[in-house]
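Written out below as structure tokens is the structure these notes cover.
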Amino acid sequence: MPQENEPLKMSFDPNTIEHLGVRMYSTIPPVLAELIANSYDANAKEVHIQLNDTDSKEIIVSDNGHGMSKEDINGKFLRIGRNRRDGGDTAEEGSRKPIGKKGLGKLSFFGIADEIEVVTVRNNLKNVFLMKWDDIKNTEDGKNYEPTVIVDNESTEEENGTSIVLKNIRRTSDFVAQDLAVSLSKVFVVDKTFGIFVRRNEEDPVQVDNKMKYDGLNVEVEWNVPSDVSLESEYPNKGDVTGHLISTEKPISPQTNMRGITLFSRNKMVNLPEYFSDSTSSHFYSYLTGELHVDFIDELDEDVIGTDRQSLNWGQPEMTELRDYLRSLMNWLERDWRTKRETKRQEKLDKQLGIKTDEWFGTMPDDIRAQAETIVKAIVKDSELPEEIGSAAVKSFHALVPEYPKYYWRHLHDEVKDASSEYYQSGDYYHAFIEASKRYVNAVRAKAVRTTRDERALMQEVFPEASPILSVTEGYLKPDGNEFTADTLKNIRVAQQMFSEGVICGGRHPISHEEIVDLRESELFTEKDCLDALSLLSHLFWRLEHSTKMR
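Taken in order, the sequence shown gives residues 675 to 1225; the numbers are from the numbering used here.
What follows is the structure, given as structure tokens:
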């Protein structure tokens, strides 16, 4: 056992600190996360992070944990690679299960600072010592590094706790307490037993909470795991995977580093956000975020947590089982998300239109309803357009459909008549529509001077909301000479693109890929649908005819 008068010393290979300290930790948030983990393991109720940058930059991390005796400093803090979980640290009254395991996190501060001062009080004895990075680097191989002792077992009335001061910080920009607090909220889960506070200079402190990492995200669907999940699985630890997941109304920006599910154990991150799937092509993944707690992994005999806590060791058999379960969970979430998202969007659309779309469809003849539903689904439910733009397109469609004429020949556009005449006159409305849609696609290509073969992509290229190649709203003024609002013009342009896509996807593609007899007899796509589509093509042709080439 170390004696009370024994000098402080650190045993190490300097290359160890170089690789595990400076190189692994090069930014402030992960460094502070390691120091906060030490405070958590010391049973601290609060950790205060003071950011000073008025003169020279320094960071002070203070806690009210049980502190360290001189024996603790030598046998635990200054011992590199000590397995904290095997070191009897849980003997403290009311202690938590430790987060740290490898004994390497204490090296992290040398990733951002050149000088470290440690002030610690335990049982009315105070110790203060200084560690300098340059001195550590210059220590001869095989020899111990001895920190500079400033206070040696001095009696004090101060409460237990530890403060670590990071000096000579390698950073040029000023600190931002709010940004740091948000970063820490992504690494730690806090509760009423453990608070984290960040303060810059004399500013008001910012308390880290679990919601701040989601600030700015518009939540659309939420799941509490496992209570809201009805996934059938034989995974033995299924009930021990808990947490809260959300999907957003709009895609989450990649810059937030919040796309995907973060794994935590004992309230600290152990795996960066990801989707646990080899295929992430579904746009669902750009809307998903949240956290899952897998505390049971800390009870495994083998250490499966990476040194930098960025990823688990997924090659370990029990981790492979966990990953398989998480993959199944992601698949279930995607299916549930699509159902709930469709319901929510339908409710919003009904509110915006002032009618129930089901009732609207119900007023249509049966043979028209299928196409109308297909077009609306393509615009609102399956499209990745912003919700407000998709709704605007449906509004335009809603205004058009109730006034649909009976599809008499005399009402069709001349180009539609010319392209479909032979089939139309013989009563073959399917091929009449096919020929008219071909004519429309070719007319768009010709006027836009484009060679794009994919027809849907062509419509998106020629009629985008912003900077269209062909604009269908140029030159129109109100009777009093005033201009129409920008929203009105935008809605008409968007409708041209969406209607053009709808005709192709909801009409021409089904006829081209299915037998006509099956479509007709099943009433999935009837002759009346073809006539409806010819009328819509006439409208699109009229817009195309009066469009202006912008570029």
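Beta carbons are placed, not taken as given, at the ideal position from N, Cα and C, and that holds for glycine.
Which two residues bound the contiguous alpha helix (DSSP H) that contains residue 1139? As a first step, residue 1139 is located in the sequence shown; it is residue number 465 there, counting from the start. Where residue 1139 is concerned, there is no enclosing alpha helix (DSSP H), given that its DSSP letter is neither H nor E.
Taking contact to mean 3 or more Cβ pairs, one atom from each stretch, closer than 8 Å, check whether the stretch 1088–1103 and the stretch 1202–1213 are in contact. A contact between stretches requires three or more CB pairs, one per stretch, nearer than 8 Å, and the stretch 1088–1103 meets this requirement with the stretch 1202–1213.
Which partner residues does residue 734 have in the DSSP bridge list? Here residue 734 refers to the residue found at position 60 of the sequence shown. DSSP lists 724 and 839 as the bridge partner or partners of residue 734.
Less than 7 Å between C-beta atoms, sequence neighbours within five positions excluded: which residues of the same chain meet that for residue 1167? Start at 1 with the first residue of the sequence shown, and residue 1167 comes out as number 493. Here the set comprises 1137, 1139, 1142, 1145, 1146 and 1147.
DSSP bridge partner residues for residue 918 (one or two, in chain order): By one-based count along the sequence shown, residue 918 stands at place 244. Paired residue(s): 898 and 965.
Ordered along the chain, which non-local residues of its own chain (more than five positions away) have a Cβ less than 8 Å from that of residue 1077? Taking the first residue of the sequence shown as 1, we reach residue 1077 at position 403. At residue 1077 the pLDDT is 35, less than 50, meaning the model places this residue with poor confidence and gives no usable figure here.
Contact belief for residue 956 with residue 1008 at Cβ below 8 Å, rounded distance in angstroms: If you number the sequence shown from 1, residue 956 lands on position 282. If you number the sequence shown from 1, residue 1008 lands on position 334. Yes, residue 956 and residue 1008 are in contact; Cβ-Cβ is about 6 Å, under 8 Å.
Whether residue 915 touches residue 839 by CB criterion (8 Å): Mapped onto the sequence shown, residue 915 falls at position 241. Mapped onto the sequence shown, residue 839 falls at position 165. No, Cβ-Cβ distance for residue 915 and residue 839 is not below 8 Å.
In terms of residues, what are the limits of the alpha helix (DSSP H) holding residue 854? Taking the first residue of the sequence shown as position 1, residue 854 is located at position 180. DSSP places residue 854 inside the alpha helix (DSSP H), whose first and last residues are 851–859.
Got a sec? Which residues, its chain only, sit under 7 Å from residue 682 by beta carbon, not counting five neighbours each side? As a first step, residue 682 must be located in the sequence shown, where it is residue number 8. Taken in chain order, the residues that qualify are 747, 748, 752, 803, 820, 821 and 823.
Note the first and the last residue of the continuous alpha helix (DSSP H) segment covering residue 787. Here the question's residue 787 lines up with position 113 in the sequence shown. Residue range 787–796 is occupied by the beta strand (DSSP E) that includes residue 787, with no alpha helix (DSSP H) assigned at that position.
Should residue 1187 be labelled buried (16 or more other beta-carbon atoms within 10 Å of its own) or exposed? In the sequence shown, residue 1187 corresponds to position 513, counting from 1. Exposed, by the Cβ-count rule.
Can you list, in chain order, the residues of its chain with a C-beta nearer than 8 Å to that of residue 1044? Leave out the 5 residues immediately preceding and following it. Your numbering for residue 1044 matches position 370 in the sequence shown. The answer, listed in chain order, is 1197, 1198, 1199, 1200 and 1203.
Could you pull out every residue in the same chain whose Cβ sits closer than 7 Å to the Cβ of residue 1150, ignoring the five residues on either side in sequence? On the sequence shown, residue 1150 is found 476 positions in, with the first residue counted as 1. If we look at residue 1150 and ignore the five residues flanking it on each side, its Cβ neighbours are 1158.
Taking buried to mean at least 16 other C-beta atoms within 10 Å of its own C-beta, is residue 1224 buried or exposed? The residue given as residue 1224 occupies position 550 in the sequence shown. By the C-beta density criterion, residue 1224 is exposed, having fewer than 16 other C-beta atoms within 10 angstroms.
Using DSSP with H/G/I as helix, E/B as strand and the rest coil, what is residue 987? For the purposes of this step, residue 987 is identified with residue 313 of the sequence shown, where counting begins at 1. Note: residue 987 maps to coil in three-state DSSP.
How far does the alpha helix (DSSP H) with residue 869 in it reach, from first residue to last? As a working note, residue 869 is residue 195 in the sequence shown. According to the DSSP assignment, residue 869 belongs to no alpha helix (DSSP H) but to the beta strand (DSSP E) extending over 869–874.
Leaving out five residues before and five after residue 979 in sequence, what residues of the same chain have Cβ atoms less than 8 Å from its Cβ? Translated into positions along the sequence shown, residue 979 becomes position 305. Within the same chain, Cβ atoms closer than 8 Å to the Cβ of residue 979 are found at 775, 939, 944, 971, 972, 986 and 987, the five residues on either side in sequence being excluded.
Using only the heavy atoms of the ligand MN, determine whether one of them is closer than 7 Å to the beta carbon of residue 983. Because no ligand of any kind appears in the structure shown, any question about the ligand MN cannot be addressed here.
Which value, in whole angstroms, describes the spacing of the CA atoms of residue 801 and residue 741? Here residue 801 refers to the residue found at position 127 when the sequence shown is read from its first residue. Here residue 741 refers to the residue found at position 67 when the sequence shown is read from its first residue. Between residue 801 and residue 741, the C-alpha separation is close to 10 Å.
Apart from the five residues on each side of it in sequence, which residues of its chain come closer than 8 Å, Cβ to Cβ, to residue 834? Counted from its first residue, the sequence shown places residue 834 at position 160. Here the set comprises 738, 739, 740, 741, 795, 796 and 797.
Alpha helix (DSSP H) segment containing residue 1162, residue limits: The residue labelled residue 1162 in the question sits at position 488 within the sequence shown. Start and end: 1160–1177.
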